[in-house]
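Heads up: the structure comes next, in structure tokens.
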Amino acid sequence: MTATLIDGKAFAAGLRERIAGHTAAMKERGITPGLAVVLVGEDPASQVYVRSKGKQTRETGMNSFEHRLPTDTPEAELLALIEQLNEDPSVNGILVQLPLPGHMDEAAVINAIRPEKDVDGFHILNVGRLATGQKSMVPCTPLGSLMLLRDHLGSLSGKSAVVIGRSNIVGKPMAQLLLRDSATVTIAHSRTQNLPDLCRGADILVAAVGRPHFVKGDWIKPGATVIDVGINRTDDGLVGDVDFAAASQVAGAITPVPGGVGPMTIACLLANTLTATARANGLPDPEGLTP
Ligand code: NDP
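See below:
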């Protein structure tokens, strides 16, 4: 392996420490940040995520509120809970774990969250604010990926960036953040032609596809920085969207899976909760936690 390993696990641990420090300082002023996580149904992966979110929230010194609802909960009941959390001053951040059961309108549920408390950054107002360069809540996985990129590269200005994937939770907000940092951004997806060639021009390559080992070693520009967002469960365990063994022979730097972007996601959720708390109390944004 010739590439530098971008250690998201270590970076996330440092980030959580800084968040814990800010939280302690806020508590001295009588403010305790609170994050409410709502889980509807029994999806096993979601249950794991919700558990670790609660644990890490408490470890940082914040209040964690968990709400579990059965799969067949009527949408109106979920909306009523969200309204109650919107009004609750001890709740600074609200996260509804996705995916929701099929009978629910995901967009309607997300847009019911008060934008200031939307720590996932999926509310239509936050999406619009990010796109127009206004203060917003930024989706956690792209925010974490941006932090790793900046930490490794310093300025992203003028770099050529390719994002594979155009989902609302990863690809699109990732592209917005790269653009905001003055990278030249291309968004690729399942209809993109000559994807390998496109990738070969990328100084920064972000893979958010959801297919194991999709990006091959010979797609990578020598010396490029590769961010592998993918989390794929296979018989060989958890693997990313990038063929790590081959790519790490060509790239300048690369995130591993696990231990790369994954740990950054929850750390950024806590960062967003802290930012939301600061804003709710008229305090300046804590340094280094927003783009
Ligand atoms: P989605 O399934 O919503 O989006 C996948 C994207 O990949 C789509 O835009 C799709 O294109 C594109 N795609 C699929 N096949 C191809 C192809 N053959 N060539 C080019 N593009 C293709 O996934 P998510 O964005 O939600 O997640 C992506 C990955 O990131 C998953 O592995 C997921 O588990 C992981 N993830 C990791 C997180 C973390 O914390 N590290 C958080 C969230 C997700 P099209 O739009 O044309 O269909």
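Counting from 1, position 31 in the sequence shown corresponds to residue 31 in UniProt numbering; the numbering is continuous, with no gaps.
We treat Cβ as the ideally placed atom computed from N, Cα and C, and that holds for glycine.
Practice task
For Ser136, name the three-state secondary structure that DSSP assigns.
Solution key: In the structure shown, the three-state DSSP call for Ser136 is coil.
Practice task
May I ask you to check if the CB of His152 is nearer than 7 Å to at least one heavy atom of the ligand NDP?
Solution key: no
Practice task
Using the beta-carbon of each residue, find all residues closer than 7 Å to any heavy atom of the ligand GTP and list them in chain order.
Solution key: Here the bound small molecules are the ligand NDP; the ligand GTP is not part of this structure.
Handout entry: Beta-ladder partner(s) of Val40, from DSSP
Key = Leu69.
Practice task
May I ask you to report which of helix, strand or coil DSSP gives Val215?
Solution key: strand
Practice task
Can you tell me the Cβ-Cβ gap for Ile187 and Ala175, rounded? I've got them flagged as a contact below 8 Å.
Solution key: About 5 Å separates the Cβ atoms of Ile187 and Ala175, confirming a contact at the 8 Å cut-off.
Problem - Cβ shell of Lys53 (< 8 Å), same chain only, five flanking positions each side left out - result: Leu35, Val37, Ser64, Leu95, Ile266, Leu269
Practice task
State the DSSP-derived secondary structure class of Asn63, mapped to helix, strand or coil.
Solution key: In the structure shown, Asn63 adopts extended strand secondary structure according to DSSP, grouped into three states.
Exercise for the section: Measure how close the beta-carbons of Ile113 and Pro139 come, nearest whole angstrom, since I'm counting them as under 8 Å. Expected result: About 13 Å separates the two Cβ atoms, so there is no contact after all.
Handout entry: DSSP state of Ser160 mapped onto helix, strand, coil
Key = strand
Problem - Cut-off 6 Å between Cβ atoms - residues of its own chain near Thr32, not counting five sequence neighbours on either side - result: Asn63
Handout entry: Reduced DSSP category for Ala253 - H, G, I as helix; E, B as strand; rest coil
Key = strand
Problem - Straight-line Cα distance separating Pro99 from Asp72 - result: Approximately 14 Å between the Cα atoms of the pair.
Exercise for the section: Return the first residue and the last residue of the alpha helix (DSSP H) that Arg180 is part of. Expected result: 171-180
Practice task
Name, in chain order, the residues that DSSP records as bridge partners for Ile220.
Solution key: In the DSSP output, where bridge partners are listed per residue, Ile220 has none listed.
Exercise for the section: Below 7 Å CB to CB, which residues in the same chain sit around Ser182 once its five sequence neighbours on both sides are set aside? Expected result: Leu156, Ser157, Gly158
Handout entry: Cβ contact check for the stretch 245-252 and the stretch 275-283: 3 or more pairs under 8 Å
Key = no
Exercise for the section: Please determine, among Ala3, Thr2, Ala12, the residue with the shortest C-alpha to C-alpha distance to Gly259. Expected result: Comparing Cα-Cα distances from Gly259 to each of Ala3, Thr2, Ala12, the minimum goes to Ala12.
Problem - 8 Å contact criterion, which Leu178 and Ile204 should meet: CB distance rounded - result: 7 Å
Problem - DSSP-derived helix/strand/coil call for Ala188 - result: Assigned with DSSP and collapsed to three states, Ala188 falls in strand.
Practice task
Indicate the three-state DSSP secondary structure (helix, strand or coil) for Asn232 in the structure shown.
Solution key: strand
Practice task
Grab me the residues of Ser136's own chain with a C-beta within less than 7 Å of its C-beta, minus the 5 sequence neighbours each way, in chain order.
Solution key: The beta carbon of Ser136 sits closer than 7 Å to the beta carbons of Gly121, Asn126, Arg129, Leu130 from its chain, once the five residues preceding and following it are set aside; these are given in chain order.
Problem - For Asp197, the three-state DSSP class (helix, strand or coil) - result: helix
Handout entry: Candidates Gly102, His103, Pro89, Glu106: closest to Glu116 by CA position
Key = Pro89
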